[in-house]
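One structure below.
Residue numbers (the numbering used here): 91 to 346.
If you want it as structure tokens, here you go:
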């Protein structure tokens, strides 16, 4: 279909060869969308895994009302994305949102982040990170609880401190889980659609637009199914290339 000019309405289509791909690869909009998608995916996964690791280590210790805090952290994961996005739109409100109110008490002004080309992608990354924290934290917590205690005790007897035990014993033991979270996290981030649809509509000026939302627009708003299919193919190649790259290098940092 990516080699055709089908507009979704005609029963027939014409073969246009590589025209859709040529138009894509020479389009500044496409490269902006590709950059947004890659930056968003890497940023969300890095932030999510870093914060999730810290939370999992905290929840793995003795803590008052530990079960309650686990529930609080996990609850965003099961929240409907569209409803969650609407709540965050209200929170980002530059006049009446809680962030604006908090800064107002300090005499500062909260910017309209969803209308700022320099801040909108970061604002979406914050929401996506918040939503993904629960799942990653619970998975990492389960991995931490599965680490053989005798290994940690042996390292402690040999004189290792807590930081050394984590670096040389605990983290290597949970690297298969971390590998899983890295791969699935990036795939999930690249296919983000609902946050963009509800919060920004891809704007301002395509500053928050990404692959899947652009595919939707090209196919169902502009009726350019061939062009949308070409974007889908390129996104597929990008995802497969990343997955292959991760599979090739996992032996360097994943311990089984």
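Quick reminder that beta carbons are idealized off the backbone N, C-alpha and C, glycines included. Here the structure is a predicted model, which means the values were calculated and not measured.
Nearest to residue 93 by alpha-carbon distance, out of 343, 327, 341 and 318, is 318.
Per DSSP, the continuous alpha helix (DSSP H) segment holding residue 306 begins and ends at 301 to 306.
The beta-carbon separation of residue 217 and residue 285, rounded to 6 Å, stays under the 8 Å limit for a contact. Boundaries of the alpha helix (DSSP H) around residue 194: 188 to 195. Here the alpha carbon of residue 329 sits roughly 16 Å from the alpha carbon of residue 339.
By DSSP's assignment, residue 91 forms no beta bridge with any residue. Contact between the region 242 to 252 and the region 221 to 232 is absent: fewer than three C-beta pairs spanning the two stretches fall below 8 Å. Across the set 91, 112, 109 and 308, the C-alpha of 91 shows the shortest separation from the C-alpha of residue 103. The region 308 to 324 and the region 95 to 111 touch, with no fewer than 3 CB-CB distances between them shorter than 8 Å. Residue 105 is classed as exposed because its beta carbon has fewer than 16 other beta carbons within 10 Å across all chains shown. The alpha-carbon separation between residue 194 and residue 200 amounts to approximately 8 Å. Straight-line spacing of the CA atoms in residue 267 and residue 273 works out to 10 Å.
Residue pairing by DSSP places residue 289 opposite no residue, since no beta bridge is assigned to it. For residue 343, the closest alpha carbon among the candidates 300, 269, 134 and 182 is that of 269. Residue 203 sits away from residue 196, with the two beta carbons spaced by 8 Å or more.
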